[in-house]
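Residue 16 in numbering that gives the first Met the number 0 sits at position 17 of the sequence shown, and the numbers go up by one each step.
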Amino acid sequence: MKDRSLSSIEAVVDAHLCTGCGVCAYLSPDTQAMSDVKHIGRRPLPIVGVTGPTTGAAVAACPGRRLEHQPGALEGAPFDGEWGPVLALYECWSTDPDVRHRGSSGGVVSAISAHMVTSGAAVGALQIQASRENPLRNETVLNTTYETIVAAAGSRYAPASPCERLDLVEHAAGPCVVVGKPCDIAATRRAAELRPALAQKVGLTIGIFCAGTPSSAATEKLIRDLDVDPAAVTQVDYRGEGWPGRFRVRTSEGPAGSFSYAEAWGGTLTKNRQWRCLICPDHTGEFADLAIGDPWYREVTDDEPGRSLVVVRTERGREALRAALADGALAGEELPLSRLPESQPNLESTRGAVWGRVLTMRLLGLPTPRFLNMPAFRLWWKLPLRGKLTSTAGTWRRMRARGLWRSELETTGEPT
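Here is the structure:
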């Protein structure tokens with residue numbers, strides 16, 4: 000029987016609830032290290048010679064087991080709090096045409112991060128970029144110059160553990176920007192609450208809208224579907240060079256093939272997301288200072304310059320955005336709040352479905368995360384009957400297919 004209390008990192012992993020963020024490895028570096036399990040994602044594995052469960056701060060900060068808005072955080076929030084704290088909504092883009100072209104939408108994540116550094120508001124940005132040793136994998140770096148920050152522009156739809164290297168932020172010479180998926184930012188906020196030395200160095204958090212993390216094996220399959228040997232690949236781009244951009248592969252001989260965004264994300268990648276992503280209510284970075292995604296209310300054309308939807312969630316985020324606009328690092332305008340659900344039309348139903356999925360897990364006796372002050376029942380109730388049935392009976396079928404009654408690592412083999 001699984002540990003329903005989820006009182007250790009090992010229990011979270013066994014229950015298929017790990018997000019792969021890496022915060023446990025940061026907070027308990029003597030017991031945990033992150034590894035890539037090819038068919039699942041990044042996972043904390045015990046360091047050789049260490050026995051016994053990992054508990055304490057590592058568990059307290061784990062977003063896989065708990066996400067919580069503090070009482071009052073959603074007071075006065077629009078949409079009955081179902082989109083988290085929202086102070087304002089903007090549509091922006093980088094004024095650097097190269098950054099805008101290479102970015103997944105408008106290059107705003109890179110532009111704000113770089114502006115924070117060049118303006119002296121931060122000394123660096125903790126980011127994910129393609130590994131210098133293996134272009135199919137990711138690595139976490141603290142970039143400290145305009146050039147290195149914007150060089151990391153573009154989505155990386157593969158496992159990443161940015162919180163594993165929060166030590167780079169904690170020991171930096173001054174405030175830093177932290178960029179990550181919603182779960183990464185939630186973990187960063189909780190770790191900062193537990194670690195005052197970290198809190199002093201987190202100058203801004205930027206959450207990237209996220210629909211889930213595909214496995215490393217998913218990227219390899221996409222490459223093979225292009226009749227390319229993954230071992231021959233020198234560069235992988237998931238998006239960019241126009242909006243929404245294409246999945247593109249290069250080898251030492253040059254461009255080797257591509258898929259459209261719809262073909263890549265809507266096909267192989269989305270079908271190979273980790274289980275915890277399918278029961279996550281936060282796809283829009285509710286715990287970040289600024290949350291950035293795609294303005295899908297617009298008609299998509301591959302030739303259109305990208306634009307980014309920017310959700311201002313805190314006053315600190317508002318200040319950073321206004322400074323970037325005032326200094327000309329960004330261009331854009333404020334939008335009516337109604338554009339938020341219009342830009343992400345599937346997320347209301349997705350959050351409602353999550354409520355049904357978690358309920359199904361609980362009824363079947365499986366450990367589940369706790370989501371506090373994150374309203375979702377109303378969204379489930381609004382689903383048509385078919386949607387309600389899919390979120391419950393369909394979840395049971397998915398759980399059987401994924402073997403959720405067994406330990407996660409037992410279902411896939413050895414880490415790579």
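Quick reminder that beta carbons are idealized off the backbone N, C-alpha and C, glycines included.
Fair warning: this is a prediction, and the values are worked out from it, not measured in the lab.
Contact the stretch 83-99 vs the stretch 387-398: 3+ CB pairs below 8 Å
Flag = no, the stretch 83-99 and the stretch 387-398 do not touch.
Where does M115 sit, in a helix, a strand or coil, going by DSSP?
As a first step, residue 115 must be located in the sequence shown, where it is residue number 116. For M115, the three-state secondary structure derived from DSSP is helix.
Of the choices M33, H15, A14 and L16, whose alpha-carbon is the least far from that of C23?
For the purposes of this step, residue 23 is identified with residue 24 of the sequence shown, where counting begins at 1. Looking at the Cα atoms, M33 is the closest of the given residues.
Kindly list the residues whose CB is nearer than 6 Å to the CB of R356, restricted to its own chain and excluding five residues on each side of it in sequence; keep chain order.
In the sequence shown, the residue the question calls residue 356 occupies position 357. Result list for R356: I278, S390 and T394, in chain order.
E219 (DSSP reduced to helix, strand or coil):
Numbered from its first residue, the sequence shown carries residue 219 at position 220. E219 sits in a helix when the DSSP states are folded into three classes.
Note the first and the last residue of the continuous beta strand (DSSP E) segment covering W354.
Within the sequence shown, the letter at position 355 stands for residue 354. Here W354 belongs to no beta strand (DSSP E); instead the alpha helix (DSSP H) covers L346 to L362.
What does a CB cutoff of less than 7 Å around A255 pick up in its chain, not counting 5 residues either side in sequence?
If you number the sequence shown from 1, residue 255 lands on position 256. Excluding residues within five positions, the ones whose Cβ falls inside 7 Å are L225, V227, V248 and R249.
Note down the Cα distance separating L308 from H282, rounded to an integer number of angstroms.
Here residue 308 corresponds to residue number 309 of the sequence shown, with the count starting at 1. Here residue 282 corresponds to residue number 283 of the sequence shown, with the count starting at 1. L308 and H282 have their C-alpha atoms some 14 Å from each other.
Can you check the stretch 122-155 for any alpha helix (DSSP H) of at least 4 residues that lies completely inside it and give the ranges in chain order?
Correct list: 145-150.
Among L5, H15, S6 and V11, the one whose alpha carbon lies nearest that of R401
Taking the sequence shown and counting its residues from 1, one reaches residue 401 at position 402. Looking at the Cα atoms, H15 is the closest of the given residues.
What residue does the beta strand (DSSP E) around P96 start on, and which one ends it?
Position 97 of the sequence shown, counting from 1, holds the residue named residue 96. Secondary structure note for P96: it is in no beta strand (DSSP E), and the uninterrupted alpha helix (DSSP H) holding it is P96 to R101.
Can you grab the Cα-Cα spacing for the pair L408 / D13, in whole Å?
By one-based count along the sequence shown, residue 408 stands at place 409. By one-based count along the sequence shown, residue 13 stands at place 14. Between L408 and D13, the C-alpha separation is close to 7 Å.
Rounding to the nearest angstrom, what Cα-Cα distance links G206 and G364 in this structure?
Taking the first residue of the sequence shown as 1, we reach residue 206 at position 207. Taking the first residue of the sequence shown as 1, we reach residue 364 at position 365. Going by C-alpha positions, G206 is about 32 Å away from G364.
Would you mind sorting R369 into buried or exposed? The rule is 16 or more other CB atoms within 10 Å of its CB.
For the purposes of this step, residue 369 is taken as residue 370 along the sequence shown, with counting starting at 1. Answer is exposed; the Cβ neighbour count stays below 16.
Using the C-alpha atoms, what's the distance from R399 back to L339?
As a working mapping, residue 339 is identified with position 340 in the sequence shown. As a working mapping, residue 399 is identified with position 400 in the sequence shown. Each residue's Cα considered, the two are about 35 Å apart.
Please report the Cβ distance between A217 and N271, rounded to the nearest whole angstrom; I am assuming they are in contact, meaning their Cβ atoms lie under 8 Å.
For the purposes of this step, residue 217 is taken as residue 218 along the sequence shown, with counting starting at 1. For the purposes of this step, residue 271 is taken as residue 272 along the sequence shown, with counting starting at 1. Rounded, the Cβ-Cβ distance is 4 Å, consistent with contact.
Looking at A60: is its Cβ nearer than 8 Å to the Cβ of A190?
Here residue 60 corresponds to residue number 61 of the sequence shown, with the count starting at 1. Here residue 190 corresponds to residue number 191 of the sequence shown, with the count starting at 1. Closer than 8 Å, so yes.
If you drop the 5 nearest sequence neighbours on each side, which residues of the same chain put their C-beta closer than 8 Å to that of S257?
The sequence position of residue 257 within the sequence shown is 258, counting from 1. Once the five neighbours on either side are set aside, the close Cβ partners of S257 are L225, R245, F246, R247 and V248.
Within the same chain, show all residues whose beta-carbon is closer than 6 Å to that of A120, passing over the 5 residues directly before and after it, in chain order.
One-based indexing of the sequence shown puts residue 120 at position 121. For A120, where only same-chain residues beyond five positions count, there are no Cβ hits under 6 Å.
Evaluate Q69 with the Cβ neighbour count: other Cβ atoms within 10 Å of its Cβ, from every protein chain shown; 16 or more gives buried, anything less gives exposed.
Along the sequence shown, read from residue 1 onward, the residue named residue 69 stands at position 70. With fewer than 16 other Cβ atoms within 10 Å, it is exposed.
What are the boundary residues of the alpha helix (DSSP H) that includes L388?
Locating residue 388 in the sequence shown gives position 389, where the first residue counts as 1. Per DSSP, L388 belongs to the alpha helix (DSSP H) from L384 to R401.
DSSP state of W295 mapped onto helix, strand, coil
Residue numbering aside, residue 295 sits at position 296 when the sequence shown is read from its first letter. In the structure shown, W295 falls within a coil segment according to DSSP collapsed to helix, strand and coil.
What do you get for E285, buried or exposed, if any count of 16 or more other CB atoms within 10 angstroms of its CB means buried?
As a position in the sequence shown, residue 285 is number 286, starting the count at 1. Buried: at least 16 other Cβ atoms inside 10 Å.
A57 - containing beta strand (DSSP E), residue span:
For the purposes of this step, residue 57 is taken as the residue at position 58 of the sequence shown. A57 -> not in any beta strand (DSSP E); alpha helix (DSSP H) instead, spanning A56 to A59.
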